[in-house]
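**Q** The following block contains the structure, expressed as structure tokens.
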Amino acid sequence: MAENIHFLSSLYGMTSAQRRSRLDELLAFVDLAEAKDRLGSNLSGGMQRRLMLAGSLMHNPRLLFADEPTAGIDPVLRRRFWDYFRQLRGEGRTLLVTTQYVGEAAYCDYVAVMRAGRVLMVETPEEMRRKAMGGEIIQLTVPKDRRREIERFLDELPGVKDARTVPGTTDQLHLLVDRAGQMLPVVLKALADSLQFTPQAAEPYLPPFDDIFVKIMQDAEEAHD
């Protein structure tokens, strides 16, 4: 395994001393130090991905293309990968990463969603949420016996695009608005003035990126049809 990385790094003109120092550092990072003398072909799929990442980082590239670097590895190591990616970004490096874990999009500065080889959207994570959902979401926790009353009232409130019960719950509402931070005080005041009611909990809600991804795909399918 070490020979594989030595060979790759020699292609970039690194000296033997540079390679030895960098090799130990990176193998420790990807948790392969104890497998240093094993054949690369005998490694598991996840270990081979870690080996490829170590090899690609040997020469400290300014631009790194990483194709699903976290696939097949455990959540602890996956988080370490992203910690290291953030460190590289902080050093002024550019990383282009593909991933099968949709939630990892939140770690990126910009996200591109592709379907059938076509880019559907390129945005910051925050703006992608807004565009996919048609705005931002406020989540309210309300008494079960007043939920329908409150939902109907808020659905007619200016500035609220949509008010509906969260699926699978009987005491939570989601309000679709342009800007959750600006609209939340308006919603609370309207409830207090008109219904003499204060929610048990009220806060902006960030949908998980799995939901965002599904929504973008659904919109693309509807547009295609």
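Here our numbering is used: the first residue of the sequence shown is 16, the next is one more, and so on. All residues carry an ideal CB built from backbone N, CA and C; glycine is no exception.
When DSSP builds the beta bridges, which residues end up paired with Val137?
**A** DSSP output for Val137 lists Ala127 as bridge partner(s).
**Q** Near Asp124, which residues of its chain fall below 8 Å by C-beta distance, leaving aside the five closest residues on each side in sequence?
**A** So the qualifying residues of the chain are Arg104, Thr139.
**Q** Could you have a look at Tyr122 and say whether DSSP puts it in helix, strand or coil?
**A** If DSSP states are grouped into helix, strand and coil, Tyr122 belongs with the helices.
**Q** For Pro33 and Thr180, I'd like the C-alpha separation in whole angstroms.
**A** Note that residue 33 corresponds to Gln in the displayed sequence, not to Pro. Gln33 and Thr180: Cα-Cα distance of roughly 60 Å.
**Q** In terms of alpha-carbon separation, which member of Ala17, Ser71, His74 lies closest to Glu49?
**A** When each option's Cα is compared against that of Glu49, the closest is Ala17.
**Q** Alpha carbon to alpha carbon, how far is Thr30 from Val192? Give it in angstroms, no decimals.
**A** C-alpha separation (whole angstroms): 58 Å.
**Q** Quick check on Val46: does DSSP put it in helix, strand or coil?
**A** According to the sequence as given, residue 46 is Asp; it is not Val. Coil.
**Q** Under 8 Å, with one C-beta from each stretch per pair, do the stretch 106-125 and the stretch 56-67 reach the 3-pair mark?
**A** As far as the Cβ criterion goes, the stretch 106-125 does not touch the stretch 56-67, which means the pair count is below three.
**Q** Once you ignore the five residues that flank Leu78 on each side, which residues in its own chain have a CB closer than 6 Å to its CB?
**A** Once the five neighbours on either side are set aside, the close Cβ partners of Leu78 are Thr109.
**Q** Find the nearest neighbour of Ala195 within the set Lys176, Ala43, Asp89, judged by alpha-carbon distance.
**A** Per the Cα distances, Lys176.
**Q** Hey, could you find the ends of the alpha helix (DSSP H) Glu83 is sitting in?
**A** Here Glu83 belongs to no alpha helix (DSSP H), and DSSP marks it neither H nor E.
**Q** Taking the CB atoms as reference points, tell me whether Ala147 and Lys204 lie closer together than 7 Å.
**A** No, the Cβ-Cβ distance between Ala147 and Lys204 is not below 7 Å.
**Q** How far does the beta strand (DSSP E) with Arg179 in it reach, from first residue to last?
**A** It spans 175-180 - the beta strand (DSSP E) in which Arg179 sits, taken as one unbroken run.
**Q** Report the three-state DSSP secondary structure of Glu151 (helix, strand or coil).
**A** Correct three-state label for Glu151: strand.
**Q** Throw me the rounded Cβ distance for the Arg165 and Phe100 pair, which I believe falls under 8 Å.
**A** The sequence given here places Ile at residue 165; Arg does not occur at that position. 43 Å between Cβ atoms; not a contact.
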